[in-house]
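Below is one structure, written out as structure tokens; comments come after it.
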């Protein structure tokens, strides 16, 4: 009697093939040999997950040059039922490509994703000072658009290796202003039970302040500082219901199952009218948090045991 093979898992990512997002997805061992679905934009990728059309989606969340990807942060804050289950880092390199026979002196219209264009603008201003930028949904799509006469594009900002996918010539390499730029991607699934700590983890949250008053943000940050939890990201995003109202994007070192992080999250929940837990997952750089002795798990457990003993009358109050 034969048994049917399980259906392949489906992963959505910003396409087409050859994008940095696809490069991030290639770092996911469990995605190898599964079904990969290129989509047009981040909202479509996350929508696939919410609807169940895909099991997970790879999205860009932060760039070392431009900071947070605000459309991703806002989507994660407002689309219910999503959970970050992993993060991945991709070095960002760019080349300028054109149709065969095009010279750099012929370049007037350059296509590229807005983030990529911002990183390459200084080089383009020097090499093609009269150029005009045409926005593309991705840098691979920018290269594909070279062959659409209606677009009127002379050159495209693209990732290295694009010539393996399209019949283009590389006019220049290393055109980004910062050669050390890195983009951080996260793998997002529907809400699932949190995995076990690895010792090198990160926890992501969206938190609203309870009121607009002096010291409100300090009170929020003290929930983490008092427990020895370091923050690797703190950014504000407008909530959108009225001026002056913000939610805070927070990445904290550690895992929700770490005692100090769990205690901090309880404090945040008591403090804030709305907390969105986005996930605890292994850090891409595998760097473990530095923890002082008074903030390790045993210290928190000992404190709880002491309090329990005081309440039950089995320990003295000063023990």
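Residue numbers (this note's numbering): 65 to 383. Using N, Cα and C, we set each Cβ at its ideal position, and we do this for glycine too.
Based on the DSSP secondary-structure assignment, which residues constitute the bridge partners of residue i?
i: residue 196; result: 173
i: residue 122; result: 77, 251
i: residue 161; result: 220, 234
i: residue 127; result: 131, 247
i: residue 346; result: 265
Please name the residue in the options whose C-alpha comes closest to that of residue i.
i: residue 74; options: 87, 95, 161, 84; result: 95
i: residue 156; options: 258, 122, 130; result: 130
i: residue 139; options: 121, 180, 377, 233; result: 121
i: residue 283; options: 333, 322, 246; result: 333
i: residue 326; options: 106, 132, 261, 159; result: 261
i: residue 356; options: 347, 150, 289; result: 289
i: residue 277; options: 149, 153, 310; result: 310
i: residue 105; options: 85, 303, 70, 291; result: 85
i: residue 224; options: 239, 217, 77; result: 239
i: residue 170; options: 98, 188, 181; result: 188
i: residue 79; options: 88, 72, 330; result: 88
i: residue 359; options: 323, 352, 208; result: 323
i: residue 246; options: 379, 370, 133; result: 133
i: residue 97; options: 110, 71, 103, 115; result: 71
i: residue 176; options: 111, 215, 76; result: 215
i: residue 207; options: 197, 195, 232, 185; result: 232
i: residue 93; options: 152, 199, 161, 192; result: 152
i: residue 237; options: 270, 110, 161; result: 161
i: residue 193; options: 76, 354, 361, 172; result: 172
i: residue 255; options: 344, 186, 213; result: 344
i: residue 263; options: 301, 280, 126, 347; result: 347
i: residue 112; options: 272, 350, 77; result: 77
i: residue 182; options: 103, 268, 302, 199; result: 199
i: residue 298; options: 137, 114, 109; result: 137
i: residue 249; options: 107, 293, 99, 123; result: 123
i: residue 135; options: 317, 279, 313; result: 313
Please state whether DSSP places residue i in a helix, a strand or coil.
i: residue 110; result: helix
i: residue 233; result: strand
i: residue 242; result: coil
i: residue 105; result: coil
i: residue 226; result: helix
i: residue 147; result: strand
i: residue 190; result: helix
i: residue 178; result: helix
i: residue 93; result: helix
i: residue 154; result: strand
i: residue 99; result: strand
i: residue 355; result: coil
i: residue 85; result: helix
i: residue 139; result: helix
i: residue 204; result: helix
i: residue 377; result: coil
i: residue 71; result: coil
i: residue 212; result: coil
i: residue 166; result: coil
i: residue 117; result: coil
i: residue 362; result: helix
Using a 10 Å radius around the Cβ and a threshold of 16 neighbouring Cβ atoms, would you call residue i buried or exposed?
i: residue 211; result: exposed
i: residue 372; result: exposed
i: residue 221; result: buried
i: residue 253; result: buried
i: residue 228; result: exposed
i: residue 266; result: buried
i: residue 204; result: buried
i: residue 365; result: exposed
i: residue 384; result: Lying before the first or after the last residue shown, residue 384 is absent from the chain, which here runs from 65 to 383.
i: residue 218; result: buried
i: residue 315; result: buried
i: residue 368; result: exposed
i: residue 375; result: exposed
i: residue 330; result: exposed
i: residue 147; result: buried
i: residue 305; result: exposed
i: residue 268; result: buried
Please tell me whether residue i has its Cβ less than 7 Å away from any Cβ of chain D.
i: residue 88; result: Among the chains in the structure shown there is no chain D, since it carries only a single protein chain.
Exercise for the section: Would you mind listing the beta strand (DSSP E) stretches within the stretch 264-343 that are 3+ residues and don't spill past its ends, in chain order? Expected result: 265-272, 295-302, 310-317
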